[in-house]
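The structure appears below as structure tokens.
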Amino acid sequence: MINSKKISLVVPCYNEEAGLAGLFKNDLSYIDEIIVVDNNCTDNTIKIAESYGCRVVQEKVKGYGAAYKKGFKNVLNEIVVAIDGDNTYPVAEIKRLVGILIERNLDFISASRLGNGRPATMKKINYLGNFILTKMMKFLFSRSIEDSQSGMWVFKKQILKKIKPTSNGMAFSQEIKIEVLKNKYKFAEVRIPYRERLGDVKLNRWADGVKNLAWLFYKRFF
Ligand SMILES: Nc1nc2c(ncn2[C@@H]2O[C@H](COP(=O)(O)OP(=O)(O)OP(=O)(O)O)[C@@H](O)[C@H]2O)c(=O)[nH]1
Ligand SMILES: [Mg+2]
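Numbering (our numbering), first residue to last: 4 to 225.
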């Protein structure tokens with residue numbers, strides 16, 4: 004609980020045993036519910052999640068977006084925090100971000116990794132992809148945005164009644180922001196530090212980058 008608001012944390016996981024172990028090294032005592040989405044894990048992710056008292060929900064349909072859709076259907080609390088399971092996003096910043104959400108009466112905060120250019124922990128090729136996709140979202144949707152691919156969000160659960168992102172894959176991250184903006188919810192980006200991922204890379208860099216780009220054009224024109 005932060006400022007008397009109950010918090011649900013949602014973590015989509017496809018084999019993130021190393022990342023989850025890293026995540027649980029943080030103080031999570033102020034979080035009221037942790038939902039780990041089991042996206043066909045075959046390693047010890049689920050054992051670790053259960054040993055820390057998380058609620059585990061299963062999603063058989065493969066993909067980042069499919070995992071989030073299932074996770075969001077299950078949240079119980081007023082404020083939702085979404086974070087990758089690979090330990091890249093700073094859990095220690097959750098309190099600050101929730102504080103900003105409440106103080107500024109925002110509906111959705113996206114944590115920006117790209118405020119000062121490329122973080123040293125982000126591969127150059129990933130930065131290039133993030134940069135191009137972010138510029139393209141800005142251009143196609145005429146919105147000011149610093150990091151369209153960020154995977155850390157803090158938002159009010161009530162917005163899920165209205166916004167309905169549909170992507171099963173990596174495009175979910177840009178889609179949720181587009182949906183929030185389209186519905187005129189109060190949106191802000193807040194800068195955060197970014198760390199190197201723990202565990203194996205799951206992103207299919209080229210395929211996911213091209214798919215996300217094609218998705219942006221599709222969403223804009225069809
Ligand atoms: N790539 C991928 N990630 C999934 C899937 N299902 C759940 N996830 C989780 O979604 C989160 C984001 O995926 P990542 O592979 O970290 O994607 P990324 O952050 O863009 O790329 P890297 O960290 O550089 O590998 C992680 O917690 C994954 O475990 C899936 O089918 N594919
Ligand atoms: Mg990652």
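By construction, the Cβ of each residue, glycine as well, lies at the ideal position given by its N, Cα and C atoms.
Practice problem: Would you kindly work out how many angstroms separate the C-alpha atoms of Asp-110 and Met-155, rounded to a whole number? | Solution: As a position in the sequence shown, residue 110 is number 107, starting the count at 1. As a position in the sequence shown, residue 155 is number 152, starting the count at 1. Straight-line Cα distance between these residues: approximately 14 angstroms.
Quiz prompt | Contact test: Asp-35 Cβ vs ligand 2 heavy atom, cutoff 7 angstroms | solution = On the sequence shown, residue 35 is found 32 positions in, with the first residue counted as 1. For ligand 2, not one heavy atom lies less than 7 angstroms from the Cβ of Asp-35.
Quiz prompt | Test item, CB below 6 angstroms from any non-hydrogen atom of ligand 2 | solution = Asp-87, Asp-89, Thr-91 and Arg-200
Quiz item: For Leu-143, which residues from the same chain have a beta carbon less than 6 angstroms from its beta carbon, with the 5 sequence-adjacent residues on both sides left out?
Solution: Within the sequence shown, the letter at position 140 stands for residue 143. Excluding residues within five positions, the ones whose Cβ falls inside 6 angstroms are Leu-219 and Arg-223.
Quiz item: If you scan the segment 124-171 from start to end, which runs of the alpha helix (DSSP H) of 4 or more residues do you find wholly inside it?
Solution: 127-144
Quiz item: Given Gly-212, which residues of its chain have a CB within under 6 angstroms of its CB, disregarding the five upstream and five downstream residues?
Solution: The residue labelled residue 212 in the question sits at position 209 within the sequence shown. Excluding positions up to five away in sequence, the list reads Gly-132.
Exercise. May I ask you to verify whether the segment 133-141 touches the segment 182-198, counting CB pairs closer than 8 angstroms and requiring at least 3?
Key: no
Self-check item: Heavy atom of ligand 1 within 7 angstroms of Gly-132 beta-carbon
Solution: On the sequence shown, residue 132 is found 129 positions in, with the first residue counted as 1. It does not: the Cβ of Gly-132 is nowhere closer than 7 angstroms to a heavy atom of ligand 1.
Exercise. State yes or no: is the C-beta of Leu-31 nearer than 7 angstroms to some heavy atom of ligand 1?
Key: For the purposes of this step, residue 31 is taken as the residue at position 28 of the sequence shown. No, ligand 1 has no heavy atom inside 7 angstroms of this Cβ.
Practice problem: Quick one: residues in its chain with C-beta nearer than 6 angstroms to the C-beta of Pro-196, no 5 flanking neighbours on either side, listed in chain order? | Solution: As a position in the sequence shown, residue 196 is number 193, starting the count at 1. Cβ neighbours of Pro-196 beyond the five flanking positions: Pro-93.
Exercise. Kindly identify the DSSP beta-bridge partner or partners of Val-14.
Key: As a first step, residue 14 is located in the sequence shown; it is residue number 11 there, counting from the start. Val-39.
Quiz item: When we look at the beta-carbon of Leu-79 and count the other beta-carbons within 10 Å, is it buried (16 or more) or exposed?
Solution: Taking the sequence shown and counting its residues from 1, one reaches residue 79 at position 76. So Leu-79 ends up on the exposed side.
Quiz item: Grouping DSSP H, G and I as helix and E and B as strand, with all else coil, what is Ser-32?
Solution: Within the sequence shown, numbered from 1, the residue matching residue 32 stands at position 29. Ser-32 falls in the coil class under three-state DSSP.
Self-check item: Three-state secondary structure (DSSP) of Phe-27
Solution: Stepping through the sequence shown from its first residue, residue 27 is reached at position 24. Phe-27 falls in the coil class under three-state DSSP.
Quiz item: Quick one: what's Ser-113 bridged to in DSSP?
Solution: Taking the sequence shown and counting its residues from 1, one reaches residue 113 at position 110. DSSP, once it has assigned bridges, lists Trp-156 and Glu-192 as partnering Ser-113.
Quiz item: Do Val-204 and ligand 1 come close, with the Cβ less than 7 angstroms from some heavy atom?
Solution: What you label residue 204 is simply residue 201 of the sequence shown in a count that begins at 1. Under cutoff, so the answer is yes.
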